[in-house]
Amino acid sequence: MGYRNLKECVDDLEKHDQLVRIQSEVDPHLEAAEIQRRVYEAQGPAIFFENVKGCQFPMVSNLFGTLERTRFLFRDTLDLVKRLVELKIDPTAALKHPLRYARAMPTAWAMQPKYVSRGAVNQNETTLDQLPQLVSWPDDGGPFVTLPAVYTEHPDDSGWQKSNLGMYRIQLAGNNYIANEEVGVHYQIHRGIGVHHAAAIRKGEPLNVNIFIGGPPALPLSAVMPLPEGLSELTFAGALGGRRVQLIKTEDHLPLIAEADFCISGTIDPQHLKPEGPFGDHLGYYSLKHDFPVLNVDRVYHRTDAIWPFTVVGRPPQEDTAFGEIIHEITGPAIPSVLPGVKAVHAVDAAGVHPLLLAIGSERYVPYAVERTPLELLTQANAILGQGQLSLAKYLFITAEQDNPELDIHDISHFLNHVLKRVDWKRDLHFQTKTTIDTLDYSGDGLNAGSKVVIAAAGKVKRELATEIPSNLSLPTNFSDPRVVLPGILAVKAPECRELSDEILDQFCESIHADDPINQFPLLLLVNDSEFTARTLNNFLWVVFTRSNPANDIGGIGAFAENKHWGCRGSLVIDARIKPHHAPPLIEDPKITARVDQLAAPGSPLHGLI
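One rule links them: number in the working numbering = place in the sequence shown (from 1) + 465.
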């Protein structure tokens, strides 16, 4: 049976040597976050901070720090939840294999929340300034809640059945928020709370909100699950947690989750906005200060034995990587039933998740054709980009299963090798301009605004990929230091971008002919630091796909436009330089780094952990 609350989870991890307690005082301002980043990088245990500077509440991090530990947390229910997904795909499976699915029935029963008369969450009240003031990066705008479960109900249809439980950014203080009275609520487009907020605005009434922190570990994981609109995450939390979520009714507000550790309760006025941020985010840069909704705080509840869970986001991989992995493990098998013909989709974590999608589809439209070309793949690509948060992708590479049924979508180098051997840049590029991208991605035309490109490749191998720089390679003036990133991919150091339209991309493409030896590499990258870009696969993925906007930053050698279709006869070129409008990358404070180094020295509390 799953954990009732966070304390049970902490005790269980400690019992199984998967949690370490730190008794030394730790500052929630930058220090705790740097410890978490280093422990995660070392694939270390969960960390329980007993003595938090300036705060009575202990903190815990790295609960989901490895996929193995995340599976351990849900070891009693994970397989049963997967069986429920199988039944969703094929309801007749229970008739074919009744014994296999009989045990899943109690799990289905746990999906129904239940109301109770009392619980632990509202045993005590406090104020916002008494909560852990966690600041993760030097230029963050204030302290943030990094593992919240934000609960709302639809204004037109109250009740948990139409509720939404989402993980949205919560700024506790800073900027011009009124201390202890207001917090910032930053939610991105395509989020469930947005539907509820829009309905409240239409009705001209405030939106009731409860922000839960802590509780059983099924709560935060459920808050990031990509469930269909109208299906409450509370149902999934019950299934994954192995017990029904207990709700406490209130007279004039939303229900309270009984076993949560904290709850910040209040309302969002229909049109009340204030600047929120900056905040070091999951793309590896700061998301900057923008106007977002404000929660007017009525009460701050906490249980007597409350523990404050937190994580740190930044350039991936980070702890939230395990969220993505376990979500894919649970929901991946359902993709073909949701997207007919699509075999697999992979949101690439190292590229910041939303900027880059890989997909394997089917190409069956003209089975008798002599040469397979992308046809059905384009239909499937449009379907993928019409699905919830997948619609925020900028780059979608999709290829046909028929060309290699054994292709592993998670082997990124091999996948790109497969595509680059088959792609035809004259035919296989399909752009969408003036559209939406991730709110946190500053490579586009403005907040939420950018472009997309689908690269669909199918058919026979068209080329072998160069793995060495040709001896007769000659670069245009001011371009230097070519480095092989992967077979067929070459990074070139380009002049620094000092203004948005500096024409460097066009100058590079126009100075090279289609028969130049550089075209042995079908994909060329213009970057600030070619050695850094080529050093690791993750560096390549992060630099290229977080620093480019397809419609603006893709060019090509021998480029042409024909009947509104753009292509090129030679290499494709991506301008992945840092641009003036990009957000700054995340960098640690050297003083905090030195302090954490001391905590890691022999005889110190973190020695052997980082």
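All C-beta atoms, glycine included, are put in the ideal place defined by N, C-alpha and C.
Note that the structure is predicted; figures quoted are calculated from it, not measured.
Roughly how many angstroms lie between the CA atoms of residue i and residue j, to the nearest whole one?
i: Gly509; j: Ser1036; result: 43 angstroms
i: Ile792; j: Gln972; result: 44 angstroms
i: Thr617; j: Leu719; result: 8 angstroms
i: Leu930; j: Leu990; result: 15 angstroms
i: Tyr566; j: Arg548; result: Note that Tyr566 has pLDDT 46, beneath the 50 cutoff, so the model's placement of it is unreliable and the number below is only indicative. Spanning the two alpha carbons is a distance of roughly 7 angstroms.
i: Gln985; j: Ala1048; result: 34 angstroms
i: Tyr468; j: Gly745; result: 31 angstroms
i: Ser995; j: Ala834; result: 42 angstroms
i: Ala559; j: Asp541; result: Any answer about Ala559 is weak, because its pLDDT of 48 lies below 50 and its placement is not dependable; what the coordinates show is given next. Taking the straight line from one Cα to the other gives about 20 angstroms.
i: Thr898; j: Leu955; result: 26 angstroms
i: Arg486; j: Val475; result: 10 angstroms
i: Gln852; j: Ile635; result: 26 angstroms
i: Ala1026; j: Glu975; result: 15 angstroms
i: Leu630; j: Ala914; result: 26 angstroms
i: Gly606; j: Asn640; result: 7 angstroms
i: Ser802; j: Pro1067; result: 54 angstroms
i: Pro798; j: Lys518; result: 45 angstroms
i: Ala1041; j: Gly1073; result: 38 angstroms
i: Leu1064; j: Leu1071; result: 5 angstroms
i: Leu951; j: Leu538; result: 37 angstroms
i: Asn943; j: Val992; result: 12 angstroms
i: His755; j: Pro870; result: 46 angstroms
i: Asp876; j: Gln711; result: 41 angstroms
i: Phe529; j: Gly680; result: 14 angstroms
i: Leu760; j: Ala663; result: 15 angstroms
i: Arg764; j: Gln867; result: 58 angstroms
i: Leu861; j: Ile1043; result: 22 angstroms
i: Ile1075; j: Ser623; result: 47 angstroms
i: Arg656; j: Asp980; result: 48 angstroms
i: Asn673; j: Thr591; result: 20 angstroms
i: Ala896; j: Lys859; result: It should be pointed out that residue 896 corresponds to Phe in this sequence rather than to Ala. Cα-Cα distance, rounded: 10 angstroms.
i: Glu933; j: Tyr830; result: 38 angstroms
i: Thr1001; j: His883; result: 19 angstroms
Answer with buried or exposed for residue i, where buried requires no fewer than 16 other C-beta atoms within 10 angstroms of its C-beta.
i: Ser526; result: buried
i: His494; result: buried
i: Arg963; result: exposed
i: Lys480; result: exposed
i: Phe514; result: buried
i: Ala644; result: exposed
i: Val1009; result: buried
i: His1030; result: exposed
i: His810; result: With the sequence shown as reference, residue 810 is identified as Val, and His is not the correct amino acid for it. Val810 comes out buried.
i: Gln501; result: buried
i: Glu414; result: The structure shown does not extend to residue 414, since the chain spans only 466 to 1075, so no value can be given for it.
i: Glu741; result: buried
i: Glu784; result: buried
i: Arg837; result: buried
i: Ser936; result: exposed
i: Thr769; result: exposed
i: Gln598; result: buried
i: Lys886; result: buried
i: Pro1015; result: buried
i: Ser489; result: exposed
i: Val615; result: buried
Find the nearest neighbour of residue i within the set the options, judged by alpha-carbon distance.
i: Ile676; options: Lys925, Phe757 and Ala688; result: Ala688
i: Leu748; options: Glu496, Asp1062, Ser1013 and Pro1045; result: Ser1013
i: Pro839; options: Val765, Gly924 and Leu885; result: Gly924
i: Glu533; options: Phe522, Leu478, Gly519 and Ser856; result: Leu478
i: Tyr580; options: Asp906, Pro613 and Trp625; result: Trp625
i: Ala498; options: Thr611, Gln653, Cys474 and Leu471; result: Thr611
i: Ile795; options: Gln711, Phe944 and Leu686; result: Leu686
i: Leu593; options: Thr732, Gln854, Tyr766 and Val491; result: Tyr766
i: Val888; options: Lys958, Leu988 and His737; result: Leu988
i: Leu684; options: His978, Met576 and Gly909; result: Met576
i: Asp734; options: Gly703, Pro691, His661 and Phe788; result: His661
i: Glu841; options: Val777, Gly806, Ala507 and Leu857; result: Gly806
i: Leu804; options: Ala848, Lys927 and Ala1059; result: Ala848
i: Leu637; options: Thr732, Ile983 and Val762; result: Val762
Counting pairs of Cβ atoms below 8 angstroms between the stretch 894-909 and the stretch 813-821, do you hit three or more?
Of all C-beta pairs linking the stretch 894-909 to the stretch 813-821, three or more are shorter than 8 angstroms, placing the two stretches in contact.
In chain order, what are the residue ranges of uninterrupted alpha helix (DSSP H) at least 4 long that sit wholly in the stretch 722-810?
At a cut-off of 4 residues, the continuous stretches assigned as alpha helix (DSSP H) that sit fully inside the stretch 722-810 are 785-796 and 800-803.
Would you call the stretch 599-609 in contact with the stretch 667-674, where contact means no fewer than 3 C-beta pairs closer than 8 angstroms?
Output reads no: the stretch 667-674 does not touch the stretch 599-609.
Any alpha helix (DSSP H) of 4 or more consecutive residues that is wholly inside the stretch 484-515:
Within the stretch 484-515, complete alpha helix (DSSP H) segments of at least 4 residues are found at 496-506, given in chain order.
Between the stretch 1011-1030 and the stretch 1051-1070, are three or more C-beta pairs nearer than 8 angstroms?
No, they do not touch.
Using 8 angstroms as the threshold, is the stretch 765-776 in touch with the stretch 727-734, meaning 3 or more CB pairs across them?
Counting C-beta pairs closer than 8 angstroms gives three or more between the stretch 765-776 and the stretch 727-734, which meets the contact rule.
Mind listing, in chain order, the continuous beta strand (DSSP E) runs of no fewer than 3 residues lying wholly within the stretch 646-720?
Contiguous beta strand (DSSP E) elements confined to the stretch 646-720 occur at 647-651, 672-678 and 711-713, taking only those with 3 or more residues.
Can you list the beta strand (DSSP E) stretches of 3 or more residues lying completely in the stretch 518-548, in chain order?
The stretch 518-548 contains these whole beta strand (DSSP E) runs: 524-526.
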